[in-house]
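In our numbering, the protein residues as written are -6 to 627.
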């Protein structure tokens, strides 16, 4: 074993001496200003490895010139980060697994991965997954990142995970190495600045020279925690483009290029969806999404659908701009989900779900880890700021995965949405919210979701879970919180129970209270079915049948109990003394209460016949279907 370890070298005897040797499993990260400097240290390392008879593998994925000469002796694997994080890392790990133990590796500069994935946190995730894998196989690997290009979301995970972190400076034509982290080794001069001359490295002992070098080079300053990474830098630059455009000093082409780039970063990579995005959203819209975003990554299908639908309706008619409730939702980016899986030891369990033969293996264990996991501090701080904004308004945490609500993939009912009554002290509200997020994340590992993905041949697709955090529409009625009418609308009506019904006019399923009873149909209860061209038509032939097939129970948020509950319709309306009951219910003339009051049956007759509600819903659904060129539901 000692002979085996002795063979490992950087190819520079002086560097080996400064580092007290290279150990099996070492991952060596070079922080550089230029890829040419990285090439300078990679060449002797590769040459020495080949001379010792070791296999050398080079991962080529960046646009910069090749780091090493790609001769026949070096095994080169070209990768495309644009295929997505999950696919990219699976391919790299497959190569590493096949190569086995004791191999030498060189990676292109990792900084381009942050650009390809639009995220420093995903660069950190890549390293946290790859470094331990290489360490277990007793390999040695060279990586590089560009100095002052990344936020702490990338630097901190890399520093914490790697065995060696070395600064490489160029000053007055000479290269200097400054070891920042060297694991399991120590010497009195190890963490000093070293001058590289020939194949030797000598500690720089003169304070005059040290200060001259470090003050003249591009030193990594103290502001890594506040330095914007690729994600924030891109959006800050986009804000400058928008400001210049509004001032009339920005070419339209520049604004369009910025919009297209940001749309791929934050909204969708799907060509069909991007066409809708370019038609109905603006650069200002995209920047407003960024300002209400937690973490980075894509916002997911459900969120995209909501934002585009609102924009379609507002552009269709000024009336909808007045009618639609202002939405002040927050968006938890898909990168937060990946980071959560990596930090809580779920990633490798989840990888089994990409293969049809093993897609259910480890799912139970994965769900348990997700439900007990922890979030990074910087994400928790953003969660807290969001909850401070909402105050004690009830909110709902909705799934918004990348595959969800895309063309042909509804995922209806496969992933969770969780109400947060959001009552009580700030600490309790935060813990309730975190529990809701974990519940939605865990639902990605549910058997019904995995079987749905398997049936649709979607197991190999990246399925990242973004979240939509919305204020619950409704109002307080004493201790109860609920909307007076909610439901589901379909632009095409498959329920034709009368010859006068036009399927193309659309249909609604209406309920009183939270819309959960319209979305998740209860076997023991009913909804009001409304054909939008003849809203007065009902399947029932008389009021006795109407009463028999009317909604009986109401879902609502109990603000005192701090939970979603269900109660009888008559009990809820009795407590809601400020409710305009005649709008939503009809009196049963054959019955009275014990006190001689009216007995109400939820029919929505006045809402449907004496307001513009039906006209507005029919126009909205038709407008959305025309824009999507596909039947829609809302």
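No residue lacks a Cβ here, since even glycine has one placed at the ideal position from N, Cα and C.
Since the model is a prediction, treat every value here as computed from it, not as a measurement.
Distance CB(residue i)-CB(residue j) smaller than 8 Å
i, j, result
"residue 387", "residue 473", "no"
"residue 147", "residue 222", "yes"
"residue 304", "residue 273", "yes"
"residue 519", "residue 542", "yes"
"residue 139", "residue 25", "yes"
"residue 234", "residue 248", "yes"
"residue 524", "residue 494", "yes"
"residue 157", "residue 171", "no"
"residue 293", "residue 394", "yes"
"residue 592", "residue 580", "yes"
"residue 335", "residue 362", "no"
"residue 23", "residue 177", "no"
"residue 626", "residue 506", "no"
"residue 20", "residue 219", "no"
"residue 365", "residue 416", "no"
"residue 130", "residue 94", "yes"
"residue 608", "residue 498", "no"
Distance, residue j Cα to residue i Cα
i, j, result
"residue 262", "residue 430", "24 Å"
"residue 572", "residue 331", "45 Å"
"residue 97", "residue 41", "10 Å"
"residue 45", "residue 34", "17 Å"
"residue 606", "residue 600", "7 Å"
"residue 260", "residue 458", "13 Å"
"residue 38", "residue 290", "36 Å"
"residue 200", "residue 16", "31 Å"
"residue 61", "residue 436", "45 Å"
"residue 613", "residue 470", "29 Å"
"residue 534", "residue 444", "42 Å"
"residue 105", "residue 112", "10 Å"
"residue 162", "residue 133", "22 Å"
"residue 286", "residue 53", "33 Å"
"residue 207", "residue 145", "21 Å"
"residue 271", "residue 307", "15 Å"
"residue 479", "residue 503", "6 Å"
"residue 402", "residue 598", "Low confidence applies to residue 402: its pLDDT is 48, below 50, so where it sits in the model is not reliable, and the reading given next is rough at best. Using only the alpha carbons, I get a separation of about 35 Å."
"residue 110", "residue 116", "8 Å"
"residue 295", "residue 277", "20 Å"
"residue 195", "residue 11", "8 Å"
"residue 316", "residue 173", "59 Å"
Extent of the continuous alpha helix (DSSP H) to which residue i belongs
i, result
"residue 512", "509 to 512"
"residue 223", "223 to 239"
"residue 169", "First-last for residue 169: 167 to 175, but that is the beta strand (DSSP E), not the alpha helix (DSSP H)."
"residue 262", "Neither: residue 262 is in no alpha helix (DSSP H) and is coded neither H nor E."
"residue 557", "From DSSP, residue 557 is part of no alpha helix (DSSP H) but of the beta strand (DSSP E) over 556 to 561."
"residue 49", "Segment 49 to 53 is the beta strand (DSSP E) holding residue 49; no alpha helix (DSSP H) there."
"residue 420", "419 to 436"
"residue 363", "356 to 364"
"residue 62", "From DSSP, residue 62 is part of no alpha helix (DSSP H); its letter is neither H nor E."
Outcome for residue i when other beta-carbon atoms lying within 10 angstroms are tallied against a minimum of 16
i, result
"residue 490", "exposed"
"residue 549", "buried"
"residue 368", "buried"
"residue 150", "buried"
"residue 382", "exposed"
"residue 623", "exposed"
"residue -6", "Note that residue -6 has pLDDT 38, beneath the 50 cutoff, so the model's placement of it is unreliable and the number below is only indicative. Classification of residue -6: exposed, given that the 10 Å Cβ count is below 16."
"residue 123", "buried"
"residue 404", "Reliability fails at residue 404, whose pLDDT of 41 lies under 50, so the model's placement of it is uncertain and the value that follows must be treated cautiously. Its Cβ being crowded by 16 or more others within 10 Å, residue 404 is buried."
"residue 314", "exposed"
"residue 242", "exposed"
"residue 51", "buried"
"residue 425", "buried"
"residue 544", "buried"
"residue 13", "exposed"
Extent of the continuous beta strand (DSSP E) to which residue i belongs
i, result
"residue 20", "20 to 25"
"residue 576", "Unbroken run through residue 576: none, as it is neither H nor E."
"residue 303", "Counting along the chain, residue 303 falls outside any beta strand (DSSP E), though it belongs to the alpha helix (DSSP H) covering 294 to 309."
"residue 593", "591 to 595"
"residue 193", "193 to 196"
"residue 134", "133 to 139"
"residue 550", "546 to 551"
"residue 189", "187 to 190"
"residue 410", "410 to 413"
"residue 324", "323 to 325"
"residue 158", "157 to 164"
### Every unbroken alpha helix (DSSP H) inside the stretch 465 to 528 [4 residues or more]
509 to 512
*Residue ranges of each beta strand (DSSP E) run of no fewer than 3 residues wholly in the stretch 93 to 126, ordered along the chain?*
97 to 100
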